[in-house]
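Trainee: Provided herewith is a single structure, encoded as structure tokens, for subsequent inquiry.
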Amino acid sequence: MNWILLRWVWRSGARGRLSAMQFLSPFDPGIRAAPLLLLLLLSLLLTGLSAAAGECRSEHCSREYERSRERLQLVERPEPNTCRLLGAFSDCMRKTKRACRGHLYFHTNMGIVERTFRKYDCRRILAEAAAAPPVTRAPPPPPPPTVPAPLDASVCSYRGAAAAEPVVCSLFGDPHVRTFGGEFQTCRLLGAWPLLDNAYLAAQVTNSRVGSDECATAPTKLTVIVKHSEPCTGQLTYEARANESLPRAFVDGAVSSGARSQHSAAVTTLVPGLHVAITVRHINATLEIRRVAGHLSFSARLPRELAEQPEARRGLQLCSRGCLQRERVDYRRVLSSVGRVDAVHAGRPVVLTAELVTDMCRQNRVIGPYLDACVFDALSTGKTAFMEAAREAQRDLERLLPQALRQLPNRTRLGSPVGGAPGRPAAAAPLLAAAAALWVLLRR
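Taking the UniProt record's numbering, the leading residue of the sequence shown gets 1, the next gets one more, and so forth.
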């Protein structure tokens, strides 16, 4: 297509139809300069159109849907106007489907609108509305007040069991996962992975390589979606990137779901640029995001009845299932074979050993698996600042679920490999020792 356009432009210039563009050439006012200049302009225009066509416009579709719903003063229910609006929303999303492949916000919205369309049986409703004869409608009632009355505080309060037991999931460091079930894992995760996904919340982490190391990875992007839950909140999205200060608000600029729901979903800045909390009051959930040593960490507290899902719905959610078996790292065996690592501490070059780093981690007052994670992160990345990730993750657990921290072993020495005494390497088979040594060499 572009070649046909260019040939047409050239022929037009040859016939003298481009003489009106002679003023564009600062060197030669002759007709010969015009085709070349027009070619350049068309090339720039086509490039811009191509780039614009590749944008994911799912958020535009969501905004248009919300504006139309507010303008028509619709309450979502099985009736023709609601179904027509859902159909328009679905058509808008399908038009941008190709550009939104792999986009969490798009796939979440698409799933919601399709489920709602089926739930309301909109195909039948729209078919009956099209076949029904027109009816004379009474004049519409006067518009409601501009500012709706606030909801009663109990409407958007958690309605689960009064003594519902909370559970905590966290992800931090290189990276380490604490599942809702309390299991600690060290994983080799690269790219985007789901953390949790239920009827009210979804969260996804993206991990990237740390420096020039080909094996060490750490969280560099976090996306949290608070899903639409009438009447407590519309859909809200929060995005954090490791190379930027943590935002104070959701992506649309709002800091909460609004005064009417008494701010059921809200972002609170705890340390500007470094620590935020997202609270979702109608499900009694708290999510905390930190920016530590140039990377991100994540903690989530949910009622157990929401966190625990049937096996078929868990998928690859790190908080429910942990990382895949092939992605897990036996960090204890790795630490038992590590030697000396060149690093920089407080601006000065140092040589790190497991014993030296263990002493440094003790000063951060971390215990049990958090001590192991602290030592592992420093030795695997060569960054002593990375030790802060384990310390802050332990603090988050202490604040979100104090009883879980009290259940940790009060251990201030490295955990032993399977079959070994605490703090000392196990008597492993020669093949396992060789494999551990090879792993250390690959991570350096």
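We put the CB at the ideal spot given by N, CA and C, even for glycine.
Owing to the predicted nature of the structure, the values given are computational and were not obtained by experimental measurement.
When you compare only the Cα positions, how much space is there between S62 and L397?
Mentor: Roughly 35 Å between the two C-alpha positions.
Trainee: List the whole-angstrom C-beta distance separating V267 from I278, where the pair is believed to meet the contact cut-off of C-beta under 8 Å.
Mentor: Contact holds; Cβ gap of about 6 Å.
Trainee: Count Cβ pairs between the region 158–172 and the region 290–298 that sit closer than 8 Å; are there 3 or more?
Mentor: yes
Trainee: Relative to the C-alpha of E55, which candidate in E388, K95, R178, Y200 has its C-alpha closest?
Mentor: K95
Trainee: Look up E165 in the DSSP assignment and say whether it is helix, strand or coil.
Mentor: Note: E165 maps to coil in three-state DSSP.
Trainee: Which two residues bound the contiguous alpha helix (DSSP H) that contains S264?
Mentor: From DSSP, S264 is part of no alpha helix (DSSP H); its letter is neither H nor E.
Trainee: Would you call the region 194–204 in contact with the region 278–287, where contact means no fewer than 3 C-beta pairs closer than 8 Å?
Mentor: yes
Trainee: For L236, which of P139, N81, V280 has the nearest alpha-carbon?
Mentor: V280
Trainee: Can you find the residues in the same chain that come closer than 8 Å, C-beta to C-beta, to R248, ignoring five residues on each side of it along the sequence?
Mentor: Here the set comprises V255, V267, T269, P272, V276.
Trainee: Below 7 Å CB to CB, which residues in the same chain sit around C156 once its five sequence neighbours on both sides are set aside?
Mentor: These residues qualify, in order along the chain: C232, S261, Q262, S264, R281, H282.
Trainee: Tell me, please, which residues DSSP counts as bridged to V276.
Mentor: DSSP lists T269, I289 as the beta-bridge partner residues of V276.
Trainee: For Q317, count neighbouring Cβ atoms within 10 angstroms of its own Cβ and tell me buried if that reaches 16, exposed if not.
Mentor: The residue is buried, with at least 16 neighbouring Cβ atoms inside 10 Å.
Trainee: Under a Cβ-count criterion, where at least 16 other Cβ atoms within 10 Å of its own Cβ denotes burial, should N109 be classed as buried or exposed?
Mentor: buried
Trainee: Assuming the contact rule is C-beta atoms closer than 8 Å, C122 and C83 should be a hit. Round their C-beta distance to whole Å, please.
Mentor: 4 Å
Trainee: Taking the straight line between their C-alpha atoms, what separation do you get for A378 and P310?
Mentor: Between the alpha carbons of A378 and P310 lies a distance of about 37 Å.
Trainee: Could you give the distance in angstroms between the alpha-carbon of V226 and the alpha-carbon of S68?
Mentor: 21 Å
Trainee: What are the residues that DSSP puts in a beta bridge with S229?
Mentor: T233
Trainee: Leaving aside the five residues before and after R304 along the sequence, list all residues of the same chain whose C-beta is less than 8 Å from its C-beta, in chain order.
Mentor: A164, E165, P166, V167, F180
Trainee: So within the region 331–406, which uninterrupted alpha helix (DSSP H) runs reach at least 4 residues, ignoring any that extend past its ends?
Mentor: The qualifying runs are 331–337, 354–363, 368–381, 387–400, 402–406.
Trainee: Reducing DSSP to helix, strand and coil, say where H282 ends up.
Mentor: helix
Trainee: In angstroms with no decimal places, state the Cα-to-Cα distance between L38 and A300.
Mentor: Legend: pLDDT at L38 = 49, less than 50; position of this residue unreliable, value from coordinates given subsequently. Using only the alpha carbons, I get a separation of about 57 Å.
Trainee: What are the partner residues of E70, as DSSP defines its beta bridges?
Mentor: Beta-bridge analysis with DSSP links E70 to no other residue.
Trainee: Pick helix, strand or coil for V418, following the three-state DSSP scheme.
Mentor: Because V418 sits at a pLDDT of 34, beneath the cut-off of 50, its placement in the model cannot be relied upon, and the following sentence gives the value as read from the coordinates. V418 falls in the coil class under three-state DSSP.
Trainee: Can a CB atom of chain C be found closer than 9 Å to the CB of Q235?
Mentor: Within the model displayed, chain C is absent; a lone protein chain is all it includes.
Trainee: Where do the ends of the beta strand (DSSP E) carrying F298 lie?
Mentor: 295–303
Trainee: Under 9 Å between the Cβ atoms of L352 and R413?
Mentor: no
Trainee: Going by beta carbon distance, what residues of the same chain come within less than 7 Å of P80, once the five residues before and after it are set aside?
Mentor: I125, L126, A129
Trainee: Pull the bridge partners of V224 from the DSSP assignment, please.
Mentor: A203, Y238
Trainee: Taking A131 as part of the alpha helix (DSSP H), name the residues at either end of that continuous run.
Mentor: 122–131
Trainee: Taking only the alpha-carbon atoms, compute the straight-line gap between G258 and Y238 and give it to the nearest angstrom.
Mentor: Between the alpha carbons of G258 and Y238 lies a distance of about 16 Å.
Trainee: With A192 as the anchor, note down where its beta strand (DSSP E) starts and where it stops.
Mentor: 191–197
Trainee: Tell me the DSSP secondary structure of A218 in three-state form.
Mentor: strand
Trainee: Starting from R115, follow the alpha helix (DSSP H) in both directions and report where the run begins and ends.
Mentor: 104–119
Trainee: Keeping to the same chain, check which residues put their C-beta closer than 7 Å to that of F184; ignore five residues upstream and five downstream.
Mentor: H176, R178, P369
Trainee: Express the C-alpha separation of L86 and A390 in angstroms, rounding to a whole number.
Mentor: 46 Å
Trainee: Taking only three categories from DSSP, how would you classify L413?
Mentor: Checking the sequence shown, residue 413 turns out to be Arg, not Leu. Note: R413 maps to coil in three-state DSSP.
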